[in-house]
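Worksheet for the structure shown next.
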Amino acid sequence: MSVAQALRDAAARLETISGTPRLDAELLLAHALGVSRNDLLMRQRDLRVPPGFNLFLDRRLAGEPIAYITGTRDFWTISLHVTPDVLIPRPDTETLIEAAVDHFSKRAPAHVLDLGTGSGALLLAALSQWPLASGVGVDVSSAALAVARGNAQRLGLADRADFHLGDWAEGMEGPFDLILINPPYIARNVLLSGDVLHEPDGALFAGAEGLDDYRRIAPMLPRLLAPGGMAAIEIGYDQRVSVSALLAEQGLGISARRDLAGHDRCLVATPAGLA
Ligand code: GLN
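Numbering (my numbering), first residue to last: 315 to 589.
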């Protein structure tokens, strides 16, 4: 069967379980062939469909996320290795890096802290954005930290990235110019479907209202933020008011930023008295 035909057939089968069936088919076939998606599309007449493709397709049809099958996900300007021990980086989360790029403008953050680093996505994106920065990624999961450390190595960022097993910023010494935080924020009783069913619960759920981790993190921020610095904190689309209130209680300045879909996605917190 030709690559073109295999992609058409696979996309048709994937339609029932995926919102992006054609893209999924291309990513899985490229992975089975060990080539980039771009190479697959450019060279499809020269390529043959390998037997492994059907195994990947079956896993996807059973609901497994593409990123766990291929083991990679692109984020910002970097490509990350991901496993079921970590949340799959989302394009929405790039909103936090955009907020930081705007805030620092022609300056650059020197010290970066990523709380709940998971795959290392936010910390490593920031270190690749600012070549002189160094930083620390904290996670409560040692399995996640192993993934993050591997990513730092592969990306050539290990000499600027430290990883620390910990409970948010408990015991951390500041100050940091940039603090990046994508905590769990889904309310316990929310019914989920799709990729999230395969992701670690600990990275997703945060108590009855999804606010438990913000309540823990907010009081830690004032002492950790350097003058002129900022924290970029991911929120659920309906949490701007509730999380802003928790941050305001700590005397932080707050502004909100939307993701590409137009949802409130990121709160920017700055030290008291600084805009
Ligand atoms: N944005 C993710 C989702 O809705 C949640 C990630 C998180 O809780 N940090 O699937």
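No residue lacks a Cβ here, since even glycine has one placed at the ideal position from N, Cα and C.
- If one requires a minimum length of 3 residues, the beta strand (DSSP E) runs lying completely within the stretch 463 to 500 are 475 to 479, 490 to 495, in chain order.
- The bridge partners DSSP lists for residue 392 are 389.
- When secondary structure is reduced to three states using DSSP, residue 541 falls in the strand class.
- When the beta-carbon positions are compared, residue 315 and residue 363 come within less than 9 Å of each other.
- Per DSSP, the continuous beta strand (DSSP E) segment holding residue 572 begins and ends at 567 to 572.
- For residue 384, the enclosing alpha helix (DSSP H) stretches over residues 380 to 384.
- When C-alpha distances from residue 397 are compared across 455, 427, 445, 439, the shortest belongs to 455.
- When distances are taken from the beta-carbon of residue 412 to the heavy atoms of the ligand GLN, even the shortest one reaches 8 Å or more.
- Across the structure, residue 429 and residue 485 are spaced so that their CA atoms are roughly 13 Å apart.
- Going by DSSP, residue 336 is part of the alpha helix (DSSP H) stretching over 335 to 347.
- For residue 556, the enclosing alpha helix (DSSP H) stretches over residues 554 to 562.
- Within a 10 Å sphere around the beta-carbon of residue 470 sit fewer than 16 other beta-carbons, which makes this residue exposed.
- By the neighbour-count definition (other C-beta atoms within 10 Å, threshold 16), residue 512 is an exposed residue.
- Between the alpha carbons of residue 403 and residue 388 lies a gap of roughly 8 Å.
- Residue 515 sits exposed, since fewer than 16 C-beta atoms from the chains shown fall within 10 Å of its C-beta.
- In the three-state reduction of the DSSP assignment, residue 421 falls in the coil class, being assigned neither a helical nor a strand state.
- Our two residues, residue 572 and residue 436, have alpha carbons roughly 17 Å apart in a direct line.
- DSSP places residue 458 within a helical segment (H, G or I) once states are collapsed to three.
- With 16 or more other Cβ atoms from the protein chains shown falling within 10 Å of its own Cβ, residue 461 counts as buried.
- Not one heavy atom of the ligand GLN falls within 8 Å of the beta-carbon of residue 439.
- In this structure, residue 498 sits near residue 520, with a CB-CB distance shorter than 9 Å.
- With a threshold of 16 other beta carbon atoms within 10 Å, residue 504 falls short and is exposed.
- Judged by DSSP in its simplified three-state form, residue 433 adopts coil rather than helix or strand.
- The three-state reading of DSSP puts residue 322 in helix, counting H, G and I together.
- When DSSP states are grouped into helix, strand and coil, residue 531 belongs to the helix group.
- Pairwise C-beta distances place the stretch 441 to 454 in contact with the stretch 467 to 482, as three or more of them are shorter than 8 Å.
- With a cutoff of 9 Å on beta-carbon distance, residue 411 and residue 495 are scored as not near each other.
- Annotation for residue 581: no alpha helix (DSSP H) segment contains it, though the beta strand (DSSP E) segment containing it runs 578 to 584.
- Under the three-state reduction of DSSP output, residue 412 falls in the helix class.
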